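Protein sequences, first through last, are from chains B and U. All residue numbers for the first sequence refer to this note's numbering, where the first residue is 354 and numbers rise by one. All residue numbers for the second sequence refer to this note's numbering, where the first residue is 354 and numbers rise by one. Only one structure is covered here, and it is reproduced in the block below.
There are 2 protein chains.
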Amino acid sequence: MTNEQTILIVDDEAAIRDMIGIALDTAGYSSMTAETALEAHVNIVDRRPDLVLLDWMLPGGSGIELARRLKREELTADIPIIMLTAKTSEDNKVQGLDVGVDDYVTKPFSPRELVARIKAVLRRSTGNLRDKPIRVFDLELDPASHRVTLNERAVDMGPTEYRLLNFFMTHPEKVFSRDHIQDQVWGANVYLEERTVDVHIGRLRKALTSASGPGINYAGLIQTVRGAGYRFSTRAD
Amino acid sequence: MTNEQTILIVDDEAAIRDMIGIALDTAGYSSMTAETALEAHVNIVDRRPDLVLLDWMLPGGSGIELARRLKREELTADIPIIMLTAKTSEDNKVQGLDVGVDDYVTKPFSPRELVARIKAVLRRSTGNLRDKPIRVFDLELDPASHRVTLNERAVDMGPTEYRLLNFFMTHPEKVFSRDHIQDQVWGANVYLEERTVDVHIGRLRKALTSASGPGINYAGLIQTVRGAGYRFSTRAD
DNA sequence: CTAAAATGTCATGAAAATGTAATATTTCAT
DNA sequence: ATGAAATATTACATTTTCATGACATTTTAG
Chain B
354 MTNEQTILIV DDEAAIRDMI GIALDTAGYS SMTAETALEA HVNIVDRRPD
404 LVLLDWMLPG GSGIELARRL KREELTADIP IIMLTAKTSE DNKVQGLDVG
454 VDDYVTKPFS PRELVARIKA VLRRSTGNLR DKPIRVFDLE LDPASHRVTL
504 NERAVDMGPT EYRLLNFFMT HPEKVFSRDH IQDQVWGANV YLEERTVDVH
554 IGRLRKALTS ASGPGINYAG LIQTVRGAGY RFSTRAD
Chain U
354 MTNEQTILIV DDEAAIRDMI GIALDTAGYS SMTAETALEA HVNIVDRRPD
404 LVLLDWMLPG GSGIELARRL KREELTADIP IIMLTAKTSE DNKVQGLDVG
454 VDDYVTKPFS PRELVARIKA VLRRSTGNLR DKPIRVFDLE LDPASHRVTL
504 NERAVDMGPT EYRLLNFFMT HPEKVFSRDH IQDQVWGANV YLEERTVDVH
554 IGRLRKALTS ASGPGINYAG LIQTVRGAGY RFSTRAD
């Protein structure tokens, strides 16, 4: 399964991390862990997990801090967060949800419950936002099937080109610098040569070109903006 | 680049300060240094650097102290901090870093990695505040898409002409000398022949002319003020 | 384990952009 | 009107930025 989703577990207790890790593994998710808010933040920015399980009671009360921060920054705002807490107090819930946290699980919890919540949150966020196919003229990208079609015919491209196209189609009519594209498509702090982005842009264009019929060439949707970056646009260059 | 960003290096070892300073210089940043937490704090408040590189191992363990303080005080809370740590996470110590630091780099690090992380953090903190489109009659400049349109049709121009027009449209009805225009569009500390501005004004006018329809010529918005400079104005010359 | 696919880097050539100097044109005081 | 000063325009050499094919390496699928 190429489409395995990754979940970051943030908790300072090793026992809890392990327990959750096993539960997730059983449920078919891959997981990574962090002990501190800082470590978590770096991991999130670098690796872009599909969901974050965040302990409310991190040393220094930094759990909420982190949540707030993640939701504030554009790069990470769309990554769903589930808070884990020992307390059941209403205050906490209100405060946590106020920050923009997607759900809330109180310790102790059963692995089954946790997985159910995760599924629900993932369905909700991937479901609503990302699951609907995006269509531009006859070009359609369907996240559910992870497939790109042009005039109902499949367009052949590599995973990176898919992510690139997905990013572009969800952010149309805006320029992005190569750096920004790297952040979004590869994850921040992945050291690539600047030109690498160009190469993948080229591959994506090529894929679109060879899938385009004799009419318009869909590669034209991906426009080079000299000195600034690239842009996905339906309007003439 | 119009505004060069300044980075404060806080480390008690001169060798490290120098090494980092050179790396930053090469990458196009200007830098300043501080040896102690106190000196650093004064510098930060006075000069407001765009980012702080902070050694965790400052004498007296005051590095974390400083970070915590900076993030607590409103005046400095939005200045990004990257921590430099000697070794990989020893739990209790690293927990001290959970104070809102933006990233950390473990020594020894490659200049390349450091610069990449700096870029990423700066992009995260400063980026994404995009301006709204500016419109004058049927001429529109949209910073988000980095595009100039006239009657909905794209106007073709080079990067410099774009910056020039952007400057003019954000500062209408005012005369600017060639010197001033150079500072704003090319950046200070760039020396050009005076006439170079004229040439680019010419190119911008030409771009606007060939995009203007048979009606009014939008090049007329850029007016020559003999003996003084140029002005962008919607009123007749 | 092997073959195919994907990935990232580099080298090269093409295209666009840039700054300067030379030349042409306009403006204004006289 | 006339000449000097200021500005506009053109041409061109140089620099910067991009596109693309080739290649070595890594990852994935079977």
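Ideal Cβ placement from N, Cα and C applies to all residues, glycine included. As the structure is a computational prediction, the values presented were derived from the model and not from experiment.
- A residue is called buried when at least 16 other Cβ atoms come within 10 angstroms of its Cβ; B/V454 meets this threshold and is buried.
- Secondary structure at U/R500: strand, using DSSP grouped into helix, strand and coil.
- Taking a 10 Å sphere around the C-beta of B/T587, we find fewer than 16 other C-beta atoms and assign the residue as exposed.
- Looking at the DSSP output, U/V405 sits in a beta bridge with U/L361 and U/I434.
- In the three-state scheme derived from DSSP, where H, G and I count as helix and E and B as strand, U/D456 is classed as strand.
- Annotation for U/V543: no alpha helix (DSSP H) segment contains it, and DSSP assigns it neither H nor E.
- Nearest to U/G580 by alpha-carbon distance, out of U/L437, U/S530 and U/P512, is U/S530.
- Burial state of U/Y544 is exposed, judged by a 10 Å Cβ sphere holding fewer than 16 other Cβ atoms.
- Neighbours of B/A367 across chain U, judged by C-beta separation under 9 Å, do not exist; the nearest C-beta is about 10 Å away.
- A541, N542 and Y544: these are the residues of the stretch 539 to 558 of chain B whose beta carbon lies less than 7 Å from some beta carbon of chain U, given in chain order.
- In the same chain as B/M385, and ignoring 5 residues on each side of it, the C-beta atoms closer than 6 Å to its own belong to L361, in chain order.
- With distances taken between CA atoms, B/R400 lies nearest to B/Q358 out of B/I369, B/R422, B/Q358 and B/R370.
- Our two residues, B/G566 and B/V552, have alpha carbons roughly 23 Å apart in a direct line.
- Along the length of the stretch 372 to 407 of chain U, whole alpha helix (DSSP H) runs at least 4 residues long occupy 390 to 400, reported in chain order.
- Bounds of the beta strand (DSSP E) holding B/R584 are G582 to F585.
- Looking at the DSSP output, B/A420 bridges to nothing.
- Counted as a single uninterrupted DSSP element, the beta strand (DSSP E) harbouring U/R488 occupies residues I487 to V489.
- With a beta-carbon spacing of about 5 Å, U/K460 and U/A439 fall inside the 8 Å limit used to define contacts.
- Of all residues in the stretch 487 to 502 of chain U, only A497, S498 and H499 come within less than 7 Å of chain B when Cβ atoms are compared, listed by chain position.
- At least one CB of chain B lies nearer than 8 Å to the CB of U/D456.
- Interface with chain B (8 Å Cβ-Cβ cutoff): U/R531 is excluded.
- Within chain U, the residues placing a beta-carbon under 7 Å from that of B/G580 are P512, ordered along the chain.
- Of all residues in the stretch 416 to 428 of chain U, none places a beta-carbon less than 7 Å from a beta-carbon of chain B.
- Contact check for U/L467 against U/E514 fails: the beta carbons are separated by 8 Å or more.
- For B/R506, the secondary structure class from DSSP, reduced to helix, strand or coil, is strand.
- Neighbours of B/R401 in chain U, taken as residues whose beta carbon is under 8 Å from its own, are absent, since the nearest beta carbon is some 13 Å off.
- Counting the other Cβ atoms within 10 Å of the Cβ of U/R500 gives 16 or more, which makes it buried.
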